[in-house]
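Engineer: Quick one: the structure is below, questions incoming.
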Amino acid sequence: MLDDAAAIRPPVLAPVIPIPPDGRHEIVVHDVLGGDERRWVPQADGVSFLPLCFGVTQGYYVNLLRVRRSGVLSCHRHTGLVHAQVLRGRWYYLEHGWVATAGSFILETPGETHTLVVPPDVDEMITWFHVSGGYIYLDANGAQTGFEDVFTKLERARAHYAAVGLDPAALDGLIR
Ligand code: FE
Numbered sequence: 641m642l643d644d645a646a647a648i649r650p651p652v653l654a655p656v657i658p659i660p661p662d663g664r665h666e667i668v669v670h671d672v673l674g675g676d677e678r679r680w681v682p683q684a685d686g687v688s689f690l691p692l693c694f695g696v697t698q699g700y701y702v703n704l705l706r707v708r709r710s711g712v713l714s715c716h717r718h719t720g721l722v723h724a725q726v727l728r729g730r731w732y733y734l735e736h737g738w739v740a741t742a743g744s745f746i747l748e749t750p751g752e753t754h755t756l757v758v759p760p761d762v763d764e765m766i767t768w769f770h771v772s773g774g775y776i777y778l779d780a781n782g783a784q785t786g787f788e789d790v791f792t793k794l795e796r797a798r799a800h801y802a803a804v805g806l807d808p809a810a811l812d813g814l815i816r
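Position one of the sequence shown corresponds to residue 641 (our numbering), numbered consecutively onward.
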């Protein structure tokens with residue numbers, strides 16, 4: 641919560657209808673492009689993600705992906721739907737003719753396999769991703785080299801939080 645919230649908004653009201661007993665609370669993460677650098681979870685050389693939501697009951701996750709190196713990042717196949725919104729930088733897939741730039745929205749479809757590239761003149765790429773299902777990472781011959789989904793993301797984030805002195809229990813607040 642912002643410290644000066646009282647100065648910039650009216651008092652909080654009770655909802656006209658309360659959230660149902662089995663409903664879950666909203667998630668609010670502030671200052672996603674700044675704040676504590678330790679919140680960024682390393683994923684590979686020059687690649688990290690900022691967790692925003694772990695949708696364990698529906699098999700999705702939401703995060704910011706940040707890339708600070710150029711070249712081919714990964715070839716991967718999606719098992720589920722992906723929504724993306726580019727916030728900084730520029731990237732493209734080898735298999736498509738378009739280039740995603742800050743302000744671009746992308747919907748990636750289940751079953752799609754593509755290879756992510758960040759051009760050499762881009763110092764930093766940050767993209768918001770809502771990922772359903774998983775990423776199957778592939779080598780040039782199509783053989784699987786890795787896998788990621790909401791569960792691997794959560795596990796990696798917890799280990800990172802513990803390693804850098806953040807409370808892993810803070811991540812529980814992002815689970816839905
Ligand atoms: Fe993709």
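Glycine residues also receive a C-beta, built at the ideal position from the N, C-alpha and C atoms.
1. Determine the burial state of H800: buried for a count of at least 16 other Cβ atoms within 10 Å of its Cβ, exposed for fewer.
2. Give me, in chain order, the residues of the same chain whose beta-carbon lies closer than 6 Å to that of V687; leave out the 5 immediate sequence neighbours on both sides.
3. Between E788, F745, A647, which lies nearest to L778 when the distance is taken from Cα to Cα?
4. Evaluate L747 with the Cβ neighbour count: other Cβ atoms within 10 Å of its Cβ, from every protein chain shown; 16 or more gives buried, anything less gives exposed.
5. Helix, strand or coil: which one does DSSP assign to E788?
6. Examine the ligand MG and report whether any of its heavy atoms sits within less than 8 Å of the Cβ of H718.
7. Between the beta-carbon of M765 and the beta-carbon of R730, is there less than 9 Å?
8. For A740, count neighbouring Cβ atoms within 10 angstroms of its own Cβ and tell me buried if that reaches 16, exposed if not.
9. Would you mind stating whether L692 and V702 have Cβ atoms separated by less than 9 Å?
10. With burial defined as no fewer than 16 other Cβ atoms inside 10 Å of the residue's Cβ, what is the status of V758: buried or exposed?
11. On the criterion of 16 or more Cβ atoms from any shown chain inside 10 Å, does V726 qualify as buried, or is it exposed?
12. Using beta-carbon positions only, say whether G720 and V771 come within less than 9 Å of one another.
13. Between A809, G805, R816, I815, which has its C-alpha nearest D676's C-alpha?
14. Count the other CB atoms, across all protein chains shown, that sit within 10 Å of the CB of F745; report buried if there are 16 or more and exposed otherwise.
15. Taking all protein chains shown into account, decide if R679 is buried (16 or more other Cβ within 10 angstroms of its Cβ) or exposed.
Structural biologist: According to the structure shown:
1. Sequence index remark: in the sequence shown, residue 800 carries index 160 (1-based). Counting Cβ neighbours within 10 Å, H800 comes out buried, since at least 16 surround it.
2. Within the sequence shown, the letter at position 47 stands for residue 687. The residues are V707.
3. As a first step, residue 778 is located in the sequence shown; it is residue number 138 there, counting from the start. L778 has its Cα closest to that of E788, out of E788, F745, A647.
4. Residue 747 sits at position 107 when you count from the first residue of the sequence shown. The residue in question, L747, is exposed, as its Cβ has fewer than 16 Cβ neighbours within 10 Å.
5. Reading the sequence shown from its first residue, position 148 is the one you call residue 788. Here E788 sits in strand by DSSP.
6. Summarising the ligand content, the structure contains the ligand FE and does not contain the ligand MG.
7. For the purposes of this step, residue 765 is taken as residue 125 along the sequence shown, with counting starting at 1. For the purposes of this step, residue 730 is taken as residue 90 along the sequence shown, with counting starting at 1. Result yes, Cβ atoms of M765 and R730 sit closer than 9 Å.
8. Counting from one through the sequence shown, the residue named residue 740 turns up at place 100. Looking at its Cβ environment, which holds 16 or more other Cβ atoms inside 10 Å, A740 is buried.
9. Within the sequence shown, numbered from 1, the residue matching residue 692 stands at position 52. Within the sequence shown, numbered from 1, the residue matching residue 702 stands at position 62. Cβ atoms of L692 and V702: closer than 9 Å.
10. Your numbering for residue 758 matches position 118 in the sequence shown. Per the 10 Å Cβ criterion, buried.
11. Locating residue 726 in the sequence shown gives position 86, where the first residue counts as 1. So V726 ends up on the buried side.
12. Locating residue 720 in the sequence shown gives position 80, where the first residue counts as 1. Locating residue 771 in the sequence shown gives position 131, where the first residue counts as 1. A contact, by the Cβ cut-off of 9 Å.
13. On the sequence shown, position 36 is the one that residue 676 refers to. The candidate whose alpha carbon is nearest that of D676 is G805.
14. Along the sequence shown, one-based indexing puts residue 745 at 105. Exposed.
15. What you label residue 679 is simply residue 39 of the sequence shown in a count that begins at 1. It counts as buried.
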